[in-house]
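Colleague: One structure follows; several queries about it will come next.
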Amino acid sequence: MKFLKSLILLFFIGSLLFSQERNCGTMQYLEYKKSKDSNLEQRMLENENLIQNWITNQPESSNNSIITIPVVVHVVYYNSTENISVAQIQSQIDVLNEDFRRLNSDAINTPIPFQAIAADCQIEFCLATTDPNGNPTNGITRTQTNQSSFSTNDNVKFTSSGGIDAWNTSNYLNMWVCDISGGILGYAQFPGGASSTDGVVVDYAYFGNTGTATFPFSLGRTATHEVGHYLNLRHIWGDSNCGNDYCNDTPVHSSSNSGCPSFPSPSNCSGNGSHGDMFMNYMDYTNDGCMNLFTQDQKTRMLASLNTFRSGLINSNGCSNNSFGCTDPNAVNYDPNASTDDGSCCFVSGCIDPGAINYNQNACFDDGSCVASILGCNNSIASNFDPIANTNIAFGGPIDNTFGTGGYFTGNQHLVFDANKQCVIKSAIVYAQAANTITFELRDNLGTIIEDTTLPVVAGQQRITLDFNTPIGNDMQLGISSANSGLFRNNSNVNYPYNIASAINIKSSSASSDPYGYYYFFYDLEVEAICTGITTNISGCTDPLAQNYNSSATLDDGSCIYCTTTLPYTENFDLGNFGSWTNTGSAGNWILNQFSTPSNNTGPSDDITGGGSYVYVEASSPNYPYVGPFTLTSECFDISSSSNPTLTFSYNMYGTNVGTLNLYANNILIWTLSGNQGQGWNSVQLGLPLSSTLVLDFEVITGASWNGDIAIDNIGIVQQLINGCTDPLALNYNINATIDDGSCCYISGCTDPLASNYNSYACSNDGSCCYFSGCTDPSALNYDPNACFDNSSCCYISGCTDPNALNYDPNACFDNSSCCYISGCTDPNALNYNPNACFDDGSCQFPCNTFSLPFYEDFENMNNFPPSNWTVLNNDNSYTWNLSNIGFNSNKSMFIENSNYSANGQIDDVILPAFDFSISNNITLTFDLAYTLWTPLISTSWSDTLQILISQDCGITFNKIWQKSGQDLVTSSISNNSFSWYPSSLNDWRNESIDLSSYIGNSDIIIAFRNINDYENNLFIDNISISSYNLGCTDQLACNFDSLANIDDGSCTYSSTSVTDTTVCDSYSWNGITYTSSGVFIFTTVNNFGCDSVATLNLTINNCTPVVCAEDAPTNLSATNVIQNRATINWDNMNSSVCLVDQYR
């Protein structure tokens, strides 16, 4: 977890000062975490107490069991360089195991005073073989991100911020590898932090000891340091001057150390000791090559951490017994014990050592057949014949400058080597920072120049010709003459010595600070042994007319080759061989292939015509970067009779790191192309130079990485230009055509104009002509199984297709017999449901949710307005009806603040719930009103209005039944008028009453109060009452008792009996009947309310004679019971003692 603070290059005359220092991001990260988690520091103190308690209670005898920690490595990459290899990841795991078990090869560098406390920590690491879900894994995840770099804010640990979420941090050590900004090498989370962020983060340039690992932090010690923090180790200097790292066996340091100090390196701290700083401890800041130990106390702290708050790692099954390897039985490296394929299967075996005499560049599995190259003269007739030599040309030294980060320098450093045999250093690969002219030198061990050559170089990789005759000698020098060369050198993973076929042994460099840590300038040296003393004939072709004429040959060996092949000529490699083409390049061979190349995302997927063969150069290891030339050479063509020879061929150059394809005619470059040209084949047509003979060379130099395969196919040579279709993808492609005449045809189909599927664009009949069209889609509604050509009539939407129908669907193309011609309400629950209607016209009416009468609202127990089931309509979202704290002899009413409501003419409604008027016969609406004008009466144009509206159809429509405005609306005396007026006494109120009896019988009545604003004054309403009264008989004993009546109207009727005694002379009429004889007669009647009336007549007929009284004359005569011409005569003195007559009829 180091900061790469700076990389400072200071150039001095004749020397180079190289300085690089690192710091640790963990403490910076810890402070960041504390700022986000106020309880973190307390938890860390508790963890420290837990650790000290565990250490105190451990038995003195050590436990020899090994703890294995499962590791998952999350590679989060922005570009391919950051997407580090499996080999680099495994190298880091190997380093951790070596460092924590003290198996590191540099453990011998631990100073003797510290060797006794250097610890085998008994901790090992493995890439997880089982993921959190129990599935097999290789312990590596790869995530491409759109973040060019990350900081210490943990974004790399979350998928949501461009990284990837952690695996279960209790069971796995999560290690994120990415590009960390700000020069930070890595950082870790101490125990006690959030589980979602627990783990270690390392920059991709300082992870492992191969690939992108960068000097001086290229040995994997950054991760060793960070895992120490993860297991609760502090920096050895305690992050302060003479600080505490909680380990008693580490000397007290004044500060961190950097670089690689000399032992001893004392500090001025009490407790530093006579041996000085332990700068080689993994928890210091020195270079990777200077670190080599943990101490016993550091081991104890880490084991305490693992046995307490990181105990889940001990019990994790992340490293179960899943075995990774090649599971394909056909592969040469098939592993029968492997349960999970790791992608390593290889199908070509051979010698994979580039320095071997039998090196096979196509092999990916070494079969042990390598034969070491031994350089020497292997010509038996030479005077210096070497019987043990097996080659007279060999290559050696590093192949390229990618094994370290490299750097270009202006100094004149050199390589130091022993020449064990007399030989010629023929050539070497160099890497130049820019174009330049450089003098290259071969010197003896004293620096005296033996040979030199001055050559121009271009930017990038190139092979230069040296031809240095090298005598036998030790400590010889291969270098440059002066500064400012701009050549690249390496500064990491140098592995001296480099032996070249037992002839040259490169031992070191001239770097003064570390002769074994750098490698300068010259890569892949070509060394040749020169045979001498040959006096016999030289065999070869001695005919000057032959293509391979050898002017030095004195003895013709029958090898002469003549240009006999004439034009036209074609080669498409579809016979499965190279035809007359041969591999002649020094870097390797072109490969004959079918289908796709082995590498992903590069090369063709097939040959140009499909199913045939093509030839290509494989750009994967060891053929990159910038390796070449790979040369494919033709036979010799006789083109002496050709007036306009023309070459055609096709190429495929697909991949992100495609190099260069060159074409030579008779050793003259006539065509070149570089870089990614996209997936697919491209055709080229070139005029060839006039000559009697022609030899072609296709040459490839690979690009910067493996994804740059280059292929060619369909080579053709004609004597002159031929018109025709030159596109191999066309149906009428003419392989001999050299001039495209525009006739290429790409469309096949039916060419018969009489067919339903005639295609006027088709140029090739494919036998598809069809003469019956229709819908051919079985999923369509109008599918026609007899149709052979689809006429685009397929229909997928059914419905009513009649425009006259009420439910006509213009999108329907298939009639489903649903057309409807009667509209109305189709809802059976509606009041106006029409069972004959098939199309709903939106007219349905439904009963309201009604309330019964009486109703009363005084707003007193209300805190919010409107009341439940009331509705306020506020069309302009401005002032509207609301609750007031002033009422009629009370504390509450509803009001609207017209005095502040400047939007004249705005309507605001308060709508009451629905009421049932069906069971009442007298209904009255009453309410208390308070209002006054603000504007003096001299202006009558301004007037607020109050209306009462009523709905009989459940609120669909409303009709006005009452209205007052202006002076009619005023309830308070004009002397009280004021702006924004509020009633202050009972005299400011007036009760209004509205008879609603005309709406009796309706069960869905809704009443609304409407205010029409004219910016006048406030209006108040209180004590809203809807009362109903019913007139009728209220006596329960009456026959017509009305249970709904609450006011008696005097209409009560009852059952009754009556008796009439009558004596008459001859006849008597009663209830419409005339009786002529005496008797008892009963007459019963029932009225409309069910009351019985029983009348009894006791009738006596005595056939009497008239009697004349002699008494006084009757007085006050009166007549009763007048019936037609009869009556009863009554008088005052009729009961005299003389004349006992009551009545006279």
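Taken in order, the sequence shown gives residues 0 to 1144; the numbers are from numbering that gives the first Met the number 0.
All residues carry an ideal CB built from backbone N, CA and C; glycine is no exception.
Considering Ser90, what are the terminal residues of the alpha helix (DSSP H) in which it resides?
Modeller: Residue numbering aside, residue 90 sits at position 91 when the sequence shown is read from its first letter. It spans Val85 to Phe99 - the alpha helix (DSSP H) in which Ser90 sits, taken as one unbroken run.
Colleague: Quick one: grab the DSSP three-state call for Arg141.
Modeller: Counting from one through the sequence shown, the residue named residue 141 turns up at place 142. The answer is strand: DSSP assigns Arg141 an E or B state.
Colleague: Can you give me the start and stop residues for the alpha helix (DSSP H) that Ile1149 sits inside?
Modeller: Only positions 0 to 1144 of the chain appear in this structure, which leaves residue 1149 out of reach.
Colleague: Does the distance from the CB of Gly715 to the CB of Ile734 come in under 8 Å?
Modeller: One-based indexing of the sequence shown puts residue 715 at position 716. One-based indexing of the sequence shown puts residue 734 at position 735. Cβ atoms of Gly715 and Ile734: closer than 8 Å.
Colleague: When the distance is taken between beta carbons, is Tyr495 closer than 8 Å to Ser507?
Modeller: By one-based count along the sequence shown, residue 507 stands at place 508. By one-based count along the sequence shown, residue 495 stands at place 496. Against a cut-off of 8 Å, the Cβ pair of Tyr495 and Ser507 comes out as a contact.
Colleague: Determine the closest residue to Asn1149 out of Thr849, Val909 and Gly446, with distance taken between C-alpha atoms.
Modeller: The question about residue 1149 has no answer here: the residues shown for the chain are numbered 0 through 1144.
Colleague: If you check the beta carbons only, do Asp474 and Asn444 fall under 8 Å apart?
Modeller: Counting from 1 along the sequence shown, the entry for residue 474 is found at position 475. Counting from 1 along the sequence shown, the entry for residue 444 is found at position 445. Against a cut-off of 8 Å, the Cβ pair of Asn444 and Asp474 comes out as a contact.
Colleague: By the DSSP assignment, the beta strand (DSSP E) with Pro112 in it spans what residues?
Modeller: By one-based count along the sequence shown, residue 112 stands at place 113. Here Pro112 belongs to no beta strand (DSSP E); instead the alpha helix (DSSP H) covers Ile111 to Gln114.
Colleague: Give the list of continuous beta strand (DSSP E) stretches no shorter than 3 residues that lie fully inside the region 644–673.
Modeller: With a minimum length of 3 residues, the continuous beta strand (DSSP E) runs that stay inside the region 644–673 are 645–652, 659–664 and 667–673.
Colleague: Taking only the alpha-carbon atoms, compute the straight-line gap between Phe149 and Gln432 and give it to the nearest angstrom.
Modeller: Along the sequence shown, read from residue 1 onward, the residue named residue 149 stands at position 150. Along the sequence shown, read from residue 1 onward, the residue named residue 432 stands at position 433. The alpha-carbon atoms of Phe149 and Gln432 are separated by roughly 30 Å.
Colleague: What would DSSP say about Cys799, mapped onto helix, strand or coil?
Modeller: Mapped onto the sequence shown, residue 799 falls at position 800. If DSSP states are grouped into helix, strand and coil, Cys799 belongs with the strands.
Colleague: Going by C-alpha to C-alpha distance, which of Ala829, Leu805, Phe467 and Pro912 sits closest to Phe854?
Modeller: Residue numbering aside, residue 854 sits at position 855 when the sequence shown is read from its first letter. That would be Pro912, whose Cα lies nearest to the Cα of Phe854.
Colleague: Taking 8 Å as the threshold (C-beta atoms), are Tyr615 and Ile709 in contact?
Modeller: Locating residue 709 in the sequence shown gives position 710, where the first residue counts as 1. Locating residue 615 in the sequence shown gives position 616, where the first residue counts as 1. Closer than 8 Å, so yes.
Colleague: For Ile1011, which residues does DSSP report across the bridge?
Modeller: Counted from its first residue, the sequence shown places residue 1011 at position 1012. BP columns for Ile1011 point to Ile906 and Thr944.
Colleague: What runs of the beta strand (DSSP E), each 3 residues or longer, lie entirely inside the region 186–221?
Modeller: Whole beta strand (DSSP E) segments, 3+ residues: 199–202.
Colleague: Look up Val423 in the DSSP assignment and give the residues it is bridged to.
Modeller: Reading the sequence shown from its first residue, position 424 is the one you call residue 423. Asn468 and Glu527.
Colleague: Mind checking Thr1083: buried by the 16 CB within 10 Å criterion, or exposed?
Modeller: As a first step, residue 1083 is located in the sequence shown; it is residue number 1084 there, counting from the start. Counting Cβ neighbours within 10 Å, Thr1083 comes out exposed, since fewer than 16 surround it.
Colleague: Do you know how far the Cα of Asn571 is from the Cα of Gly610?
Modeller: Walking along the sequence shown from the start, residue 610 turns up at place 611. Walking along the sequence shown from the start, residue 571 turns up at place 572. Their backbone Cα atoms lie some 12 Å apart in a straight line.
Colleague: Where do the ends of the beta strand (DSSP E) carrying Thr553 lie?
Modeller: The residue you call residue 553 lines up with position 554 of the sequence shown. No beta strand (DSSP E) holds Thr553; DSSP gives it neither H nor E.
Colleague: Please report the straight-line C-alpha distance between Gly748 and Phe788, rounded to a whole angstrom.
Modeller: On the sequence shown, residue 748 is found 749 positions in, with the first residue counted as 1. On the sequence shown, residue 788 is found 789 positions in, with the first residue counted as 1. Rounded to whole angstroms, Gly748 to Phe788 spans 12 Å at the Cα level.
Colleague: Secondary structure at Thr1033, three-state DSSP: helix, strand or coil?
Modeller: Here the question's residue 1033 lines up with position 1034 in the sequence shown. If DSSP states are grouped into helix, strand and coil, Thr1033 belongs with coil.
Colleague: With DSSP run on the structure shown, which of helix, strand or coil describes Arg989?
Modeller: For the purposes of this step, residue 989 is taken as the residue at position 990 of the sequence shown. If DSSP states are grouped into helix, strand and coil, Arg989 belongs with the strands.
Colleague: On the three-state DSSP scale, how would you describe Ser104?
Modeller: Residue numbering aside, residue 104 sits at position 105 when the sequence shown is read from its first letter. DSSP places Ser104 in helix when its eight states are reduced to three.
Colleague: For Ser266 and Ser253, I'd like the C-alpha separation in whole angstroms.
Modeller: Position 267 of the sequence shown holds residue 266. Position 254 of the sequence shown holds residue 253. About 6 Å.
Colleague: Taking all protein chains shown into account, do 16 or more other C-beta atoms lie within 10 angstroms of the C-beta of Lys35, making it buried, or fewer, making it exposed?
Modeller: The residue you call residue 35 lines up with position 36 of the sequence shown. That one is exposed.
Colleague: Can at least three beta-carbon pairs, one atom from the region 1017–1034 and one from the region 1066–1080, be found at a separation below 8 Å?
Modeller: Contact fails: fewer than three Cβ-Cβ distances are below 8 Å.
Colleague: With a threshold of 8 Å, are at least 3 pairs of Cβ atoms found where one atom belongs to the region 525–544 and the other to the region 414–428?
Modeller: Yes: at least three Cβ pairs fall under 8 Å.
Colleague: Using three-state DSSP, classify Cys289 as helix, strand or coil.
Modeller: One-based indexing of the sequence shown puts residue 289 at position 290. Correct three-state label for Cys289: helix.
Colleague: Could you spell out where the beta strand (DSSP E) holding Ala710 opens and where it closes?
Modeller: Translated into the one-based positions of the sequence shown, residue 710 becomes position 711. Element bounds for Ala710: Ile709 to Val717.
Colleague: Only counting the same chain, and skipping five residues up and downstream in sequence, which positions put a Cβ closer than 6 Å to that of Ala1094?
Modeller: Counting from 1 along the sequence shown, the entry for residue 1094 is found at position 1095. For Ala1094, where only same-chain residues beyond five positions count, the Cβ hits under 6 Å are Ser1057 and Phe1082.
Colleague: Evaluate the contact criterion for the region 885–894 versus the region 946–957: three or more CB pairs, one atom per stretch, below 8 Å.
Modeller: With the cut-off at 8 Å, the region 885–894 and the region 946–957 do not touch.
Colleague: Please state whether DSSP places Ser682 in a helix, a strand or coil.
Modeller: By one-based count along the sequence shown, residue 682 stands at place 683. Strand at Ser682.
Colleague: Return helix, strand or coil for Asn473, following the three-state DSSP convention.
Modeller: To locate residue 473, count along the sequence shown from 1; it is residue 474. Note: Asn473 maps to strand in three-state DSSP.
Colleague: Buried or exposed: which applies to Leu936, given that a residue is buried once 16 or more other Cβ atoms fall within 10 Å of its Cβ?
Modeller: Your numbering for residue 936 matches position 937 in the sequence shown. Since pLDDT at Leu936 reaches only 47, below the 50 mark, its modelled position is unreliable, and the value read off the structure follows with that caveat. So Leu936 counts as exposed.
Colleague: Quick check on the burial criterion: 16 or more other C-beta atoms within 10 angstroms. Buried or exposed for Asp907?
Modeller: Mapped onto the sequence shown, residue 907 falls at position 908. Counting Cβ neighbours within 10 Å, Asp907 comes out buried, since at least 16 surround it.
Colleague: Do Ser479 and Ile437 have their C-beta atoms closer together than 8 Å?
Modeller: Counted from its first residue, the sequence shown places residue 479 at position 480. Counted from its first residue, the sequence shown places residue 437 at position 438. The sequence given here has Ile at residue 479, not Ser. It is a contact, given that the beta carbons lie within the stated cut-off.
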